[in-house]
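Written below as structure tokens is the structure these notes are about.
Structure (structure tokens):
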């Protein structure tokens, strides 16, 4: 037999010989157990990855939704970090947060759904930021939404009215003006299509918001930002996402004084709005001076008259809105501390610029 084979190796005391280690346990040499020796402690645990596979509640998005529903900002932020580390798309993080908020928004409260504005703004910032900073605005928005007050139980689903979209749009405007929240949301939700942008629905919502300057024009801000959020999310679950904005349009503080003043001025001068909207001239230095005068106008009537004069001269409405946005931003910079009215001016001109470029196609 060759040297080095198991059967030629010298036997050691109390050790199985050769391949006897493969023999049944009853045939192995017994070893005496020393009860005086300390026993090693063994900790058995399931890896986190396995827990996520077996327990759906361990998913970062499920934890995020639970944290938002229970108004736990710390848990929501931690769940967002876990989701980002797990390579969950930021749009899915925002979608989960928006769904949790919208499903527990009190539509009768009259409180602005600012959470939708925060989430929309966070996604709008991403194209202007370096990718490594993308998580920051989303984390800020999620923490803000989690801290907002919500209902304990999910809101009941609204009835959805179906019909021809042009007819629905007119009926929606009448319902908003009448303050009929249930009817307004049922009609508006019937104008929406899952996964598709229905711009006539957006046009009607913006028009209703423009007629009501309650809370300094906040209704237009909420309407535009909610629409932008729905667009960023691919108009999936669009009825759920946009429902709070419509409810706030009707239930929020109302102020139609500015709109009534505009209607009176337009009717008095027999203004052709279609002709005014056709202007395309950018602002020159003379027009910019006039825009500064408009921003400093002593009363709404003077402001309306000066704006109509610029439109008649062929200047584009979009250019005028941009000029007013610049003037509003200058006021914010010059303000001593936080000036809410100046901030609202910037917000309103920002969303008004979006509405002017929003084209109705279907």
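Numbering (my numbering), first residue to last: 1106 to 1467.
A virtual CB, placed ideally from N, CA and C, is assigned to each residue, including glycine.
Small disclaimer: the values here were computed from a predicted structure and weren't measured.
- Annotation: residue 1235 is outside any alpha helix (DSSP H) and is labelled neither H nor E by DSSP.
- Check the Cα spacing between residue 1209 and each of 1328, 1257, 1419, 1320: the tightest is with 1257.
- Scanning 1254, 1313, 1330 for the CA closest to the CA of residue 1360 turns up 1313.
- The closest CA to that of residue 1303, considering only 1288, 1285, 1269, 1327, is found on 1269.
- In this structure, residue 1292 lies near residue 1277, with their beta-carbon atoms less than 8 angstroms apart.
- Look at residue 1301 here: in three-state DSSP terms it is strand.
- One alpha carbon belongs to residue 1237, the other to residue 1272, and they sit about 47 angstroms apart.
- Of the candidates 1318, 1255, 1306, the residue whose Cα lies closest to the Cα of residue 1454 is 1318.
- DSSP, read as helix, strand or coil, puts residue 1210 in coil.
- Annotation for residue 1450: 1433 place their beta carbon closer than 6 angstroms to its own, counting only its chain and skipping 5 residues before and after.
- Within the same chain, Cβ atoms closer than 8 angstroms to the Cβ of residue 1204 are found at 1170, 1342, 1345, 1346, the five residues on either side in sequence being excluded.
- If you compare the alpha carbons of 1387, 1385, 1414 with that of residue 1398, the shortest gap goes to 1414.
- Between the region 1181–1191 and the region 1317–1333 there are fewer than three inter-stretch CB-CB distances shorter than 8 angstroms, so the stretches are not counted as touching.
- Here residue 1443 is not bridged, per DSSP, to any residue.
- With a contact defined as Cβ atoms closer than 8 angstroms, residue 1437 and residue 1448 qualify at about 6 angstroms.
- Looking at the DSSP output, residue 1386 bridges to 1420.
- Under the three-state reduction of DSSP output, residue 1295 falls in the helix class.
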